[in-house]
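Everything below concerns the one structure shown next.
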Amino acid sequence: MKPKIITLTVNPAIDKSTTVRGIKPHSKLRCEVPIFEAGGGGINVSKVLQKLGQDSICMYLEGGHTGAYFKTLLNKNGISQEPISIEGVTRENLAVTDLSCHQQFRFGMPGPEVSTEECNKTLQHLDTLLTEGTFLVASGSLSPGMPLDFYARVARLAQAKKAKLILDTSGEPLFIGAQAGAFLLKPNLGELSRLCGVTEISFTDLIPLAQKFMANNPCEIMVVSLGPQGAFVITQDYQEHINAPVVYQNSTIGAGDSMVAGMVFALANHKSISDTAKFGVACGTAATMTPASQLCTIEDANKLYEYIQQHPTTKNL
Numbered sequence: 010m011k012p013k014i015i016t017l018t019v020n021p022a023i024d025k026s027t028t029v030r031g032i033k034p035h036s037k038l039r040c041e042v043p044i045f046e047a048g049g050g051g052i053n054v055s056k057v058l059q060k061l062g063q064d065s066i067c068m069y070l071e072g073g074h075t076g077a078y079f080k081t082l083l084n085k086n087g088i089s090q091e092p093i094s095i096e097g098v099t100r101e102n103l104a105v106t107d108l109s110c111h112q113q114f115r116f117g118m119p120g121p122e123v124s125t126e127e128c129n130k131t132l133q134h135l136d137t138l139l140t141e142g143t144f145l146v147a148s149g150s151l152s153p154g155m156p157l158d159f160y161a162r163v164a165r166l167a168q169a170k171k172a173k174l175i176l177d178t179s180g181e182p183l184f185i186g187a188q189a190g191a192f193l194l195k196p197n198l199g200e201l202s203r204l205c206g207v208t209e210i211s212f213t214d215l216i217p218l219a220q221k222f223m224a225n226n227p228c229e230i231m232v233v234s235l236g237p238q239g240a241f242v243i244t245q246d247y248q249e250h251i252n253a254p255v256v257y258q259n260s261t262i263g264a265g266d267s268m269v270a271g272m273v274f275a276l277a278n279h280k281s282i283s284d285t286a287k288f289g290v291a292c293g294t295a296a297t298m299t300p301a302s303q304l305c306t307i308e309d310a311n312k313l314y315e316y317i318q319q320h321p322t323t324k325n326l
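Residue numbers (the numbering used here): 10 to 326.
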């Protein structure tokens with residue numbers, strides 16, 4: 010039996026996208042019919058897992074009329090849901106593509122205020138879902154009002170239940186959460202700099218700094234995202250640089266979430282650390298090949314994974 014996968018999204022959003030021909034101030038802009046999608050870090054991870062043929066339980070906070078519509082949108086993906094009702098209203102984000110210059114303008118909203126009681130209710134419900142061996146993907150930003158140590162509390166719950174936490178966030182919530190412990194972290198170079206207490210990191214510094222952090226904090230695997238340069242996968246006794254194949258990019262939206270989904274899919278199917286990172290890079294790269302926020306396809310992901318396997322990079326750097 011495959012291990013259970015739970016994704017946790019505490020600040021989901023309805024992603025609304027449209028197009029217009031020419032953006033200029035003080036004018037009424039005639040947009041095309043908008044597209045509405047359920048979005049947010051863990052939401053996107055569950056959507057990609059579904060494309061890969063892997064079931065997951067999608068846990069998230071929802072409220073108001075937009076929260077009800079959010080559930081309807083997610084139902085279309087056939088994903089098991091565990092929504093936590095809150096008083097606030099689920100946020101909406103807006104992306105507008107200007108067809109005259111092929112540039113996209115993205116407007117992200119802060120999200121609803123979440124109370125202490127709602128935070129506690131979320132943690133209590135998560136505690137009932139977690140079992141030994143569960144992969145828990147905590148991904149995305151916190152909602153306003155949530156304590157900065159929320160993901161640290163999630164980490165302690167996972168440890169108590171012997172679940173495996175994959176943490177993908179940023180800023181102070183990442184710093185505090187990572188110190189509490191995670192099975193796998195996926196920082197980029199800027200986030201790794203913050204974790205290690207330095208202003209910048211070069212390729213030559215990356216591995217020793219990451220290993221020093223892992224020696225002092227409970228973390229088994231770190232996959233450092235490098236964008237078009239691929240990723241470094243690092244443990245205490247293994248290091249490998251995974252090159253990302255060069256592809257024609259349509260959009261980078263959802264690439265990081267697709268990468269996380271690819272890695273948790275590989276872990277749930279008992280792949281090696283190296284193959285886990287390779288499939289993650291394949292899924293992240295595949296997401297850049299699709300337009301707007303369509304995430305990766307299984308066909309592109311498998312083709313890129315095969316390419317990466319056939320063009321190995323240097324191990325144990």
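Ideal Cβ positions, reconstructed from N, Cα and C, are used throughout, including at glycine.
Should residue i and residue j be called a contact, given that it needs their Cβ atoms to be closer than 9 Å?
i	j	result
Thr75	Glu101	yes
Asn197	Ser152	no
Glu71	Ile95	yes
Thr106	Gly149	no
Gly142	Ala187	no
Ile175	Ala191	yes
Gly51	Ala167	no
Leu135	Leu215	no
Leu38	Phe274	no
Leu138	Ile15	yes
Gly180	Val232	no
Ile317	Ile282	no
Met268	Ala301	no
Ala164	Thr99	no
Hey, residue i and residue j are a contact pair by Cβ (cut 8 Å); roughly how many whole angstroms apart?
i	j	result
Lys287	Ile251	5 Å
Ile327	Gln220	Nothing can be reported for residue 327, as the shown portion of the chain is limited to 10 through 326.
Ser260	Thr297	7 Å
Glu46	Met68	That belief does not hold up - the Cβ atoms of Glu46 and Met68 are roughly 18 Å apart, past 8 Å.
Leu276	Ala291	Leu276 to Ala291, Cβ: 15 Å. No contact.
Glu20	Gly154	Residue identity check: residue 20 is Asn in the sequence provided, not Glu. Rounded, the Cβ-Cβ distance is 11 Å, inconsistent with contact.
Gly73	Gly97	7 Å
Express the C-alpha separation of residue j and residue i in angstroms, rounding to a whole number.
i	j	result
Ala161	Ile32	43 Å
Gln59	Glu127	28 Å
Asp24	Pro43	10 Å
Asn84	Leu218	43 Å
Val29	Asn86	28 Å
Cys305	Val123	31 Å
Leu183	Val54	18 Å
Gln303	Arg115	15 Å
Ala1	Ala77	Because the chain in this structure spans residues 10 to 326, residue 1 falls outside the shown range and cannot be described.
Asn325	Glu249	Note that Asn325 scores a pLDDT of 49, beneath 50, so its modelled location is shaky and nothing firm can be said.
His279	Met272	11 Å
Lys349	Phe144	Outside the modelled stretch of the chain, which goes from 10 to 326, sits residue 349, for which no answer is possible.
Asn225	Cys205	10 Å
Glu41	His111	15 Å
Val57	Ala270	6 Å
Leu201	Thr125	29 Å
Ile66	Gly117	25 Å
Ile93	Gln319	44 Å
Phe222	Ala253	25 Å
Ser26	Leu108	13 Å
Lys170	Pro34	54 Å
Thr131	Leu157	15 Å
Arg203	Val255	29 Å
Ala310	Ser211	29 Å
Pro321	Lys195	21 Å
Glu315	Thr285	13 Å
Gly236	Gly265	9 Å
Thr208	Asp246	26 Å
Thr140	Ser36	55 Å
Glu308	Gln113	26 Å
Phe79	Gln63	21 Å
Ala228	Ile185	Note on identity: in this sequence residue 228 is Cys, with Ala being the wrong assignment. One C-alpha to the other measures close to 13 Å.
Gln133	Thr299	38 Å
Could you tell me which residues DSSP pairs with residue i in its beta bridges?
i	result
Ile103	The sequence given here has Leu at residue 103, not Ile. Its beta-bridge partners are Lys25, Phe116.
Gln133	Bridge partners of Gln133: none, in fact.
Leu17	Met68, Ala147
Cys40	Its beta-bridge partners do not exist; DSSP assigns none.
Val233	Phe241
Phe45	Lys25
His250	Phe241
Asp214	The partner list for Asp214 (beta bridge, DSSP) is empty, contrary to what the question assumes.
Pro92	Tyr69
With a threshold of 8 Å (Cβ to nearest heavy atom), would residue i be considered close to the ligand GTP?
i	result
Tyr69	Because no ligand of any kind appears in the structure shown, any question about the ligand GTP cannot be addressed here.
>> Quick check on the DSSP output: what are the complete alpha helix (DSSP H) runs of length 4 or more inside the stretch 293–325, in order along the chain?
In response: 307–319
>> Quick check on the DSSP output: what are the complete beta strand (DSSP E) runs of length 3 or more inside the stretch 168–217, in order along the chain?
In response: Here the runs fully enclosed are 173–177, 191–194.
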